[in-house]
Structure formats: C-alpha cells, structure tokens
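Reviewing the structure listed below.
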Amino acid sequence: MKVLMFGWEFPPKIYGGLAVASYGITKGLSLQGDVETTFCMPKPTGEEEDFLKIVGMNQVPIVWRDVDYNYLKSRLTRNMTPEDYYSFRDHIYSDFSYMHVNDIGCMDFAGGYPGNLHEEINNFSVIAGVVARRQEFDIIHAHDWLTYPAGVHAKMVSGKPLCIHVHATDFDRSRGKVNPTVYSMEKNGMDYADCIMCVSELTRRTVIEQYHQNPKKVFAMHNAVYPLSQEYQDIPRPDHSKEKIVTFLGRITMQKGPEYFVEAASLVLQRARNIRFVMAGSGDMMDAMINLAAERGIADRFHFPGFMKGKQVYEVYKNSDVFVMPSVSEPFGIAPLEAMQCGTPSIISKQSGCGEILDKVIKTDYWDIHAMADAIYSLCTNPALFQYLQEEGKKEVDGITWEKVGLRIRALYEDVLRNYGK
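For what it's worth, our numbering labels the leading residue of the sequence shown as 7, then goes sequentially.
In structure tokens:
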C-alpha cells in the first residue's frame with residue numbers, strides 16, 4: 007500500500023507535538039511491512055531518517071527551468087535527486103510563471119510558522135498538484151489544517167481517497183475565539199475527506215458537533231510514544247530527597263493553561279517551601295507568567311529555562327519529581343506519556359485527550375487550582391503515592407506504542423479503499 011502524506015513538521019526539526027506525532031505515525035506504518043509512505047513537507051533539513059521517502063516541497067519545481075544536472079546536485083538536499091527533480095518538472099500542470107520562484111523554478115519556504123503562513127499554505131497546496139500528478143499512491147493522508155488544502159488538491163487531481171488527521175482544531179488553540187479563515191480551511195478539508203482521524207474522542211466530538219461532520223467517517227486515533235533510546239534511558243534521576251522539582255513543559259500559550267500552574271504553585275508554596283517549579287518552553291504568555299510569579303511572591307522558587315529540544319526535554323523529565331499539564335483544551339497531549347516513560351508521575355487536566363487512555367495519572371479540572379495544588383503536594387510529600395504512580399505509570403505507557411497505532415491506521419486505510427466510491 008502506498009500512502010501520499012502531507013505534513014508541516016518532521017524530526018529532527020521540531021516545533022511542537024505535530025512533528026513528534028508525524029514521526030510516530032509514519033514509523034508505526036513502516037513497521038507494518040507493506041506500507042510505503044511518501045511524506046511531503048515544506049522544508050526538510052536533509053537529516054530526516056530514511057525509513058520513508060521525504061519530499062521537500064521547496065525542491066519541487068512549478069515553473070520550467072533548464073537546469074544543469076551538476077548544479078542541481080549542489081542545490082538539492084539528500085532527500086531529492088536530480089532525477090526526482092526532472093520527473094517532477096515533467097508534471098508541471100499550469101503556467102505559474104507569475105508566482106515568485108527561485109532559479110530552479112521552485113518556491114522557497116521559511117519552515118515553521120512564519121508571518122506569511124497562509125501564503126505558504128497556499129503555495130504548499132499548489133505544489134501538491136505537481137506531486138499528486140507524479141507520484142504513484144493509493145491513498146492521501148493530510149496532517150492538520152495547514153495541509154488540508156494540499157490534501158484536497160491531491161484528491162481532486164488524482165481521484166484517490168483522502169484521510170485527514172485532526173491533531174487540534176481552532177476551538178482548542180483559541181479557547182473558543184475561532185479564526186474564521188482557519189475554521190473555513192478546517193471545515194473544507196473535513197467536508198472533502200473520506201475519513202477523519204482525531205487524536206482523541208474529545209476531538210472527535212468537536213469535529214462532529216462544531217464542524218457538522220458525519221459521525222460514520224470520524225474516528226478516534228489516539229497518539230502513542232516510541233521506546234526511549236538507550237541514551238535517554240541512561241539519563242540519571244538526581245536525588246531530590248531534600249528539594250522537589252515540579253515541571254510544566256510546553257508552549258506557554260493560553261491553550262496550555264500556564265497561569266493555572268503558577269497559581270497552583272503559589273498555593274503549594276504556602277504549605278511547603280522545599281519545592282521548586284519549572285516552566286520550560288516559550289510562547290506569547292511567557293512574560294505574563296514571569297510577572298505573575300513575581301506578583302505572587304514566588305519568583306525565587308520559579309524557573310523559566312526557555313525552549314527545550316531533543317535530549318534536553320528528557321533531561322527535564324528525568325530531573326522532575328512531578329509533571330503537570332494543566333491544558334484548557336488539549337486534543338491529546340504526548341508530554342505526560344513521555345514524562346511517565348521517564349518515571350515521572352504526572353498530573354493532567356480532565357480536558358486532555360490523553361486522559362482517555364491513561365489511568366495511572368492524577369486528573370483535575372484545569373481551573374481547579376486547589377485540587378491541582380493538593381495533587382502536587384501529595385506527590386511531593388507521600389513517597390508511597392509517588393512510587394506507585396512512578397512504577398505503574400511507566401508500565402502503562404510502555405504498552406502504548408506507535409506500532410499498534412500504525413496497525414489501526416492501516417486497517418482504516420483498507421476500509422476506506424474498500425468502500426471508496428460506493
């Protein structure tokens with residue numbers, strides 16, 4: 007089975023959970039043994055793993071240029087050969103000479119989430135038309151709203167079925183203050199989709215109720231974690247018998263509820279001073295959180311180390327006694343699973359999709375800072391509770407694998423292909 011997949015992020019360049027999930031899903035599919043995935047993304051680094059075919063949309067021509075073979079070799083990353091380039095060039099389907107292209111007829115992408123994001127999304131969908139005309143594939147899989155237009159275009163060009171993967175909706179990202187342009191793009195993608203995979207039942211309900219989709223084509227497809235590498239397993243856990251560390255790790259934005267973490271910390275520190283709080287990450291609320299910690303008089307017990315990536319993330323998990331995810335609306339939330347893999351007990355909001363598959367965690371409402379504070383205090387002062395959630399949490403998460411997710415997605419692909427056009 008051949009899958010044409012569109013995504014906006016992929017490791018080693020990670021901006022958030024979307025890259026982690028994209029890697030896990032494609033890896034899980036590769037473990038099925040008979041699924042070939044071509045993953046199209048705006049701007050690969052050339053350092054991606056080779057268990058799948060990566061297509062950099064910034065290296066697919068949309069305007070015909072007579073380019074020397076050796077010059078191409080110097081311009082393309084290892085994901086794209088000159089032969090690939092020439093083959094894509096043969097499938098340019100319209101006159102795009104009015105668009106801004108570089109010397110090899112390709113459009114440049116900033117990578118990530120630039121100020122002209124909507125322009126890049128549109129450009130991405132234009133290039134998807136070339137890719138869909140050239141590639142051989144059975145089914146299309148588009149991740150999140152950024153690539154829905156590309157998925158729709160590929161379906162219109164090829165006549166092949168479209169699966170979209172909802173990692174979040176604008177209702178989650180905006181606390182209900184929905185951007186009508188984004189909503190329209192999301193709904194259009196859902197309307198055209200033959201199958202909608204959602205990262206939780208929570209998100210599935212949002213898709214059905216807020217985007218008016220047929221429940222029969224909407225499925226919950228929970229995320230997972232991949233096993234820790236030996237390098238990460240070998241990261242030591244420091245002795246915190248004298249002072250505990252409680253951590254928030256993620257984007258410091260209103261969706262993630264960082265202010266509730268600070269308020270809960272303030273309540274905990276009224277009962278015990280031998281606890282430090284860490285808010286790792288970056289985002290538009292970071293300055294406000296620094297100021298809030300100062301206003302509550304807890305700045306001396308609060309740390310803001312900034313954005314973490316790669317091994318740093320797991321060092322933070324291993325260095326923590328408690329992990330807290332107080333999200334206001336979290337479609338899934340992989341971070342608690344990663345923390346539990348590292349032996350760190352977790353507290354999550356009841357508004358988090360991952361809570362649907364996790365039992366060995368403490369769950370509170372995001373707004374209930376008193377319950378959150380009680381949970382933090384209990385884990386920091388009750389060794390038996392800490393040990394139980396540490397051991398049982400790790401066992402639980404070790405059974406939640408991407409290979410199982412890949413098996414479910416493959417089965418869903420087969421079901422879609424079997425019923426397509428009926």
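Yeah, the Cβ is synthetic: ideal placement off N, Cα and C, and Gly gets one too.
Of the candidates K262, R282, G263, R282 places its Cα closest to the Cα of A271.
Burial is judged here by how many other beta carbons sit within 10 angstroms of a residue's own beta carbon; W70 has fewer than 16 and is exposed.
A straight-line Cα-Cα distance of about 26 Å links V319 and D176. Excluding residues up to 5 positions away in sequence, T259 lie with their Cβ nearer than 7 Å to the Cβ of D290 in the same chain. Counting C-beta pairs with one atom in each stretch, the stretch 334 to 352 and the stretch 218 to 237 have three or more that are closer than 8 Å, which means they touch. In the structure shown, G118 falls within a coil segment according to DSSP collapsed to helix, strand and coil. Beta-bridge annotation (DSSP): S352 is paired with F329.
Look at L82 here: in three-state DSSP terms it is coil, with no helix or strand label. Segment contact: the stretch 356 to 369 against the stretch 383 to 402, three or more CB-CB distances shorter than 8 Å; contact assigned.
With distances taken between CA atoms, N194 lies nearest to Q216 out of V268, S180, Q216. Bridge partners of L10 according to DSSP: T44, I146. By DSSP's assignment, S384 forms no beta bridge with any residue. Taken atom to atom, the span from the alpha-carbon of I98 to that of C201 is near 29 Å. Sequence-distant partners of E362 (beyond 5 residues in either direction) whose C-beta falls short of 8 Å from its own C-beta, in its chain, are S206, E207, L208, A226, H228.
The C-beta separation of M7 from D40 comes to about 6 Å, placing the pair in contact by the 8 Å criterion. For the stretch 169 to 224, the full-length alpha helix (DSSP H) segments reaching 4 residues or more read 176 to 179, 186 to 198, 207 to 216 along the chain. Under the three-state reduction of DSSP output, M291 falls in the coil class, being neither helix nor strand. In chain order, E15, G118 place their CB closer than 6 Å to the CB of Y21, counting only its own chain and leaving out the 5 sequence neighbours on each side.
Per the C-alpha coordinates, the member of K222, D245, V330 positioned closest to L418 is K222.
About 6 Å separates the CB atoms of P155 and M191; that is less than 8 Å, so the two are in contact. With fewer than 16 other beta carbons inside 10 angstroms of its own, S235 counts as exposed. Of the residues assessed, F267 falls on the buried side of the cut-off, its CB having 16 or more other CB atoms within 10 angstroms. Distances from the alpha-carbon of V422 to those of H147, D114, H309 put H147 closest.
Following the DSSP letters along the chain, one finds L391 inside the alpha helix (DSSP H) bounded by residues 389 to 404.
With at least 16 other beta carbons inside 10 angstroms of its own, G256 counts as buried. Sequence-distant Cβ neighbours of F115 in its own chain, meaning closer than 8 Å and more than five residues away, are P48, K49, M63, N64, E126, N129, F130. The shortest C-alpha to C-alpha distance from E249 to any of L385, N108, S93, T51 is the one to L385. In the three-state scheme derived from DSSP, where H, G and I count as helix and E and B as strand, V274 is classed as helix.
One alpha carbon belongs to W408, the other to E402, and they sit about 14 Å apart.
A direct Cα-to-Cα measurement between Y383 and P88 gives close to 60 Å. Between the alpha carbons of L168 and N325 lies a distance of about 43 Å. With contacts defined as CB atoms closer than 8 Å, V61 and F102 fail to qualify as a contacting pair. The bridge partners DSSP lists for S358 are E336. Residue burial annotation: A345 is buried, with at least 16 other C-beta atoms found within 10 angstroms of its C-beta. Close CB contacts of Q38 within its chain, under the 7 Å cut and outside five residues either way in sequence, are with G412, L413, R416 (chain order).
Sixteen is the threshold: when 16 or more other Cβ atoms of the shown chains lie within 10 Å of the Cβ of A134, as they do, the residue is buried.
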